[in-house]
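Visitor:
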Amino acid sequence: MRKDYGKKTSWEKNQFIWGWFFILPTLLGLIILNIIPIFQTIYQSFFKTGDFGKGNIFVGFSNYTRMFQDKAIWQALWNTVKYAIVEVPFSIVIALILAVFLNRKMAGRAIYRTIFFLPMVAAPAAIAMVWRWLYNSEFGLINHLIGRKINWISNPDIAIFAIAVIGIWSIVGYNMVLFLAGLQEVPRDYYEAASIDGASGIFQLLKITVPLISPTIFFVAVTRVIGAFQVFDLIFMVMDKTNPALIKTQSLVYLFYRYSFTEANKGYGSAIIVLLLVVILILTGFQLFAQKKWVHYN
Amino acid sequence: MKVKKIVSILLASILTVSMIGCGDTKKQQQDTIEGFNSKGDKLTVAIWDNNQQPGIQKILDEWNKESEIKAEVQVITWNEYWTLLEAGASGGALPDVFWMHSNQSQRYSENGLLLDLTDKINQSDKIDLNNYYNDIVKLYESDGKQFAIPKDIDTIALWYNKTMFDEVGVEYPNENWTWDDFYEAAKKLTKDDGSQWGYAINTGNNQDSYYNMIYDYGGYVINDDKTKSGYDDPKTIQAMEFVEKMLREGLCPELEVISENGADVLFQSGKVAMVTQGSWMVAGFRDNEYTNKNCDVAVLPKGPDGKRVSIYNGLGWAASANGKNTEAAWSLLEYLGSKEAQLKQAQLGVTMSAYIGTSDEWVNSVDSFNLQGHLDMLDAELVIRPYSRNTNVWEDMAIETFKGAWTGEMTMEEACKKIAESMNASLAEE
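First to last, the protein sequences are chains B and L.
Every position in the first sequence, counted from 1, becomes a number in the working numbering once 96 is added.
Every position in the second sequence, counted from 1, becomes a number in the working numbering once 226 is added.
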């Protein structure tokens, strides 16, 4: 360690300036588009908002007290949780299995990888419209194929799961690509050694692959939980507002949209989104804590 | 390593593809947002109905011929329209000229977002507000000032499938029908195997379904002062119980089927024999081969006391108060409200016009249907679509609560009383 610790060499100074310079665009974007709005939203949640952002009246915690008594909010939170419980694990497990298969040498590998990734490129609204017609109970392809009449998206008991299936389908390819990238870091020799010792494929997957790419799995799990809790467009596009299953499928963001934009009650909408923020913070904090138990960094 | 190389190339190409994908949607969004900013050299005109675009474009072309400043029309779907308008209103970038709806007009007028047209109308020799249906003029009036020029008028009528009527030998709907005749016909037109229903109620749109029945039965939805709900009125409940009866007896498809498809789609695909639909659907039914060939339209049935009410509404043409070129915007509004343009709107079959006496032309704009049914509804007792300052709040609540009654979780009477209670509470907050 040098004695003149406080002073920087010109090389260090350069590093410092250029470092900040390079992250500046992202930093500015984050501050303007994410961080400032977060505080504005929290601020707004204490107001009965007037029309078009004018004439806000401070009402203290009344949006929050109303929210805690609103059964629809808790139902929406429960819907969101149900969606996440289905979407996150399935999208991770399926993507992991696909990634392992598509990491082997096989004919048409690139084509398969591209096909699985394609839903990610399509517009969510278009995906939702196509699935809405697939699920249609009268004219839908799915009911036509299985020869039964199931109300996939209007039966309150199953609609949220039907929507989660669309979510899984859209996100699997993206998760798969992340896992493929992670798999490149796993040395081949481990598998060779394991094969010589007579370990089966599944055993290798669970004992070698999963631990070694656990940092990637962790990353995907954290981002997917956040993403799943923010589900909106699928529900908005698939569920008509007269749909009897709507109350059992609407997510917190859906309610936020409804109150903020169709009912022009931005204060209450903001309170809902603050609740969502807190829920996501708690879940992510828990995941960060739990990672010590299962994520292996080299 | 070779594998690594291939993977990285693949990843890179996938990312590029996805970024192009994102880029496209971003660009589209940007176009829409930029389109909303008036540039001064052209006027942006925002509407929400795709069916009307070709006709509106033709009318604007006429104006463009005379004017140095050109008007460009943009269609944004109903839901996004109000989200974008709300954002534009808060951010100060509204389109120059746009459609206004009775659900929203009070909020926009009171906040000074719409160009005050009062003096301009007084000085104009083309616009005289007495030429339009009075209730529609009033929709866009606030504090004695006028904020929009009436664009059109709509009525609800009974659309029916002639082929299905012929099949079971039921007489086509006529002006003597009461809702009980309607019920009897629906009963005969319903097939037991679930392949055909007599009637499909449009649960998502009150104006073209149960509102008419409520008023025919002598009930009401909101009082004149906009302070009290009429859903707990015994007459209202009686009308809603009529709807309940049709649902329970299976003469209407279950709510699941309606919400997944929409009453209009079921009608267009030959699943139901009758729907009550607004005149704004004419273009859609005309362009659908099936309805074009098999269907026609008649006046709505009467209530038990012989009362026939037409719940009607009309859009307004409004301009932004903060537009870059409000003079040109006014000149466009003046043209759009003129007898010439209103007549053209009717002739082109866009919609019936708000200018009294121009709609006879509209009847002749489509050969395949006898649109007299829609026009005759103008001679029925006209009731403007119930509204208040924040209509969406109680309308959406009613749609949500009625679901319980449609599916049978609660009786219609319970649902109506619950709605009245909740609606009174939200009206008190307005």
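All C-beta atoms, glycine included, are put in the ideal place defined by N, C-alpha and C.
Keep in mind the model is a prediction, meaning the values are calculated, not measured.
Mind checking the segment 130-153 of chain B against chain L and listing, in chain order, the residues whose C-beta falls within less than 7 Å of any C-beta there?
Guide: Listed by position, the residues of the segment 130-153 of chain B near chain L (Cβ gap below 7 Å) are Asp147, Phe148, Gly149 and Lys150.
Visitor: Apart from the five residues just before and just after Glu183/B, which ones in its own chain have a Cβ nearer than 6 Å to its Cβ?
Guide: Ala260, Gly263, Ile264 and Ala324.
Visitor: Would you say Val609/L faces chain B, with C-beta separation under 9 Å as the test?
Guide: No, Val609/L does not count as interfacial toward chain B.
Visitor: Which class does Trp506/L belong to by DSSP, given the choice of helix, strand or coil?
Guide: Reduced to three states, the DSSP call for Trp506/L is helix.
Visitor: Using a Cβ-Cβ cut-off of 7 Å (strictly less than) and excluding sequence neighbours within five positions of Asn357/L, which residues of its own chain qualify?
Guide: Tyr581 and Ile582.
Visitor: Thinking Leu343/L and Ala315/L are a contact (beta carbons under 8 Å), I'd like their distance in whole angstroms, please.
Guide: Not confirmed; about 18 Å, so no contact.
Visitor: Based on the DSSP secondary-structure assignment, which residues constitute the bridge partners of Gln372/L?
Guide: Gln372/L pairs with Glu367/L.
Visitor: Looking only at C-alpha atoms, which of Pro215/B, Asn110/B and Ala341/B sits nearest to Trp248/B?
Guide: Residue Ala341/B is the option with its Cα nearest to Trp248/B.
Visitor: How long is the line joining the alpha carbons of Leu371/B and Gly365/B, rounded to whole angstroms?
Guide: Their Cα atoms are separated by approximately 10 Å.
Visitor: For Pro202/B, is the classification buried or exposed, using 16 other Cβ atoms within 10 angstroms of its Cβ as the cut-off for buried?
Guide: The identity of residue 202/B in the sequence shown is Met, whereas the question assumes Pro. Exposed, since its Cβ has fewer than 16 Cβ neighbours within 10 Å.
Visitor: Any beta-carbon of chain L closer than 9 Å to the one on Lys337/B?
Guide: With 9 Å as the cut-off, Lys337/B counts as an interface residue toward chain L.
Visitor: Establish whether the CB of Leu173/B and some CB of chain L are separated by less than 9 Å.
Guide: No, because no Cβ of chain L sits closer than 9 Å to the Cβ of Leu173/B.
Visitor: Assign Trp107/B to one of three DSSP states: helix, strand, or coil.
Guide: Looking at Trp107/B - three-state DSSP - the assignment turns out to be helix.
Visitor: When Cβ atoms are compared, which residues of the segment 586-619 of chain L fall closer than 8 Å to chain B?
Guide: Of all residues in the segment 586-619 of chain L, Asn616, Asn618 and Val619 have a Cβ within less than 8 Å of some Cβ in chain B.
Visitor: Is there a C-beta anywhere in chain B that falls below 9 Å from the one on Leu340/L?
Guide: It does not; no Cβ of chain B falls within 9 Å.
Visitor: Taking only the alpha-carbon atoms, compute the straight-line gap between Ala359/B and Trp114/B and give it to the nearest angstrom.
Guide: Residue identity differs from the one stated: residue 359/B is Glu in this sequence, not Ala. Their Cα atoms are separated by approximately 47 Å.
Visitor: Of the choices Leu355/L, Glu639/L and Met326/L, whose alpha-carbon is the least far from that of Trp666/L?
Guide: Residue 666/L lies beyond the stretch modelled for chain L, which goes from 227 to 656, so this question has no answer here.
Visitor: Mind checking who Glu298/L pairs with in its DSSP beta bridge?
Guide: For Glu298/L, which the question treats as bridged, DSSP gives the partners Thr270/L.
Visitor: If you draw a straight line from the C-alpha of Ala221/B to the C-alpha of Val334/B, how long is it?
Guide: The straight-line gap from Cα to Cα measures roughly 9 Å.
Visitor: Name, in chain order, the residues that DSSP records as bridge partners for Leu340/L.
Guide: Note: Leu340/L sits in a beta bridge opposite Ser546/L.
Visitor: When DSSP labels each residue in this structure, what does Ala386/B get in the three-state scheme?
Guide: It is helical.
Visitor: Would you call the segment 393-402 of chain L in contact with the segment 541-556 of chain L, where contact means no fewer than 3 C-beta pairs closer than 8 Å?
Guide: Judged by Cβ distances under 8 Å, the segment 393-402 of chain L makes no contact with the segment 541-556 of chain L, as fewer than three pairs qualify.
Visitor: Mind pulling the chain B residues with CB within less than 9 Å of Arg333/L?
Guide: Correct list: Asp147, Phe148 and Ala360.
Visitor: Cutting at 8 Å between CB atoms, please list the residues of its own chain near Ala641/L, excluding the five before and the five after it.
Guide: Once the five neighbours on either side are set aside, the close Cβ partners of Ala641/L are Met466, Thr627, Phe628, Gly630 and Ala631.
Visitor: Can you tell me whether Asn159/B is helix, strand or coil according to DSSP?
Guide: If DSSP states are grouped into helix, strand and coil, Asn159/B belongs with the helices.
Visitor: Among Trp308/L, Lys352/L, Asp345/L and Ile347/L, whose alpha-carbon lies nearest the alpha-carbon of Tyr334/L?
Guide: Measuring from the Cα of Tyr334/L, the nearest candidate turns out to be Trp308/L.
Visitor: Would you identify the three-state DSSP class for Asp322/L, choosing helix, strand or coil?
Guide: In the structure shown, Asp322/L sits in coil (DSSP, three-state: anything other than H, G, I, E or B).
Visitor: Find out if the Cβ-Cβ distance for the pair Gly476/L, Trp423/L is shorter than 9 Å.
Guide: Their beta carbons are under 9 Å apart, which means Gly476/L touches Trp423/L by this criterion.
Visitor: So Val483/L contacts chain B; which residues on that side make the cut at Cβ distance below 7 Å?
Guide: Ordered by position in chain B, the residues that pass the 7 Å Cβ test against Val483/L are Ser233 and Glu234.
Visitor: Run through DSSP, which three-state label would Leu198/B get?
Guide: Coil, per DSSP.
Visitor: Just checking: is the beta-carbon of Ser648/L within a distance shorter than 9 Å of some beta-carbon in chain B?
Guide: No - not a single Cβ of chain B is within 9 Å of the one on Ser648/L.
Visitor: Can you tell me the Cα-Cα spacing of Gln279/L and Asp451/L, whole angstroms?
Guide: About 36 Å.
Visitor: Step through the CB atoms of chain B and report whether any lies within less than 9 Å of the CB of Asp419/L.
Guide: So, not an interface residue.
Visitor: Between the C-alpha atoms of Trp620/L and Tyr613/L, what's the straight-line distance to the nearest angstrom?
Guide: Rounded to whole angstroms, Trp620/L to Tyr613/L spans 10 Å at the Cα level.
Visitor: Applying a beta-carbon distance threshold of less than 8 Å, which residues of chain L neighbour Phe357/B?
Guide: Trp308, Thr309 and Glu312, listed in chain order.
Visitor: Could you tell me how far apart the beta carbons of Leu341/L and Ala555/L are, in whole angstroms, since I believe they sit closer than 8 Å?
Guide: The Cβ separation is near 7 Å, so the contact holds.
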